[in-house]
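Residue numbers (the working numbering): 4 to 157.
And the structure:
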């Protein structure tokens, strides 16, 4: 539909409003753009510009993304840190990732789980998941507990 622009004497084409569906592919990065060729505002000579959607990812409570890798923190008890443990972490897509150790886990230790990160855009590959372990120490020990620990370590 052709109309005269209120802001300038030139004739330009103005489109009636319409809906656009933006398909966000798995693995798309923060800051990437989705381009709709010639779906933008018409310029003075009547040709339409491009419409660009810039992706902004929201922060997640449990996971932090770095490229295609994910980072998370898992809290374990002191006993689990000393003797090992088995846990599961619910991933972003709801599947469970098994996390286990058989030996000692140090505070701030980072373990890599290959292929458990974000999907790589336009690929079948995935990044990695890095789990940092926080060890929850007890607030206090009884005298008996202290004696038992010393007997074990000594």
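By construction, the Cβ of each residue, glycine as well, lies at the ideal position given by its N, Cα and C atoms.
Source: prediction; values computed, not measured.
For residue i versus residue j, is the C-beta distance shorter than 8 Å?
| i | j | result |
| --- | --- | --- |
| residue 96 | residue 133 | no |
| residue 82 | residue 92 | no |
| residue 33 | residue 60 | yes |
| residue 187 | residue 23 | Here the chain comprises residues numbered 4 to 157, so residue 187 is not present and cannot be evaluated. |
| residue 78 | residue 66 | no |
| residue 28 | residue 124 | yes |
| residue 117 | residue 102 | no |
The alpha helix (DSSP H) spanning residue i covers which residue range?
| i | result |
| --- | --- |
| residue 50 | Neither: residue 50 is in no alpha helix (DSSP H) and is coded neither H nor E. |
| residue 86 | 81-86 |
According to DSSP, is residue i part of a helix, a strand, or is it coil?
| i | result |
| --- | --- |
| residue 147 | helix |
| residue 65 | coil |
| residue 23 | coil |
| residue 155 | helix |
| residue 91 | strand |
| residue 122 | strand |
| residue 28 | coil |
| residue 57 | strand |
| residue 129 | strand |
| residue 142 | coil |
Where does the unbroken beta strand (DSSP E) through residue i begin, and where does it stop?
| i | result |
| --- | --- |
| residue 37 | 36-39 |
| residue 101 | 99-104 |
| residue 113 | 113-116 |
In the DSSP output, which residue or residues are listed as bridge partners for residue i?
| i | result |
| --- | --- |
| residue 137 | 78 |
| residue 72 | 69 |
With a cut-off of 8 Å, do at least 3 Cβ pairs link the segment 144-157 to the segment 120-136?
No, because fewer than three Cβ pairs between the segment 144-157 and the segment 120-136 fall closer than 8 Å, the two stretches do not touch.
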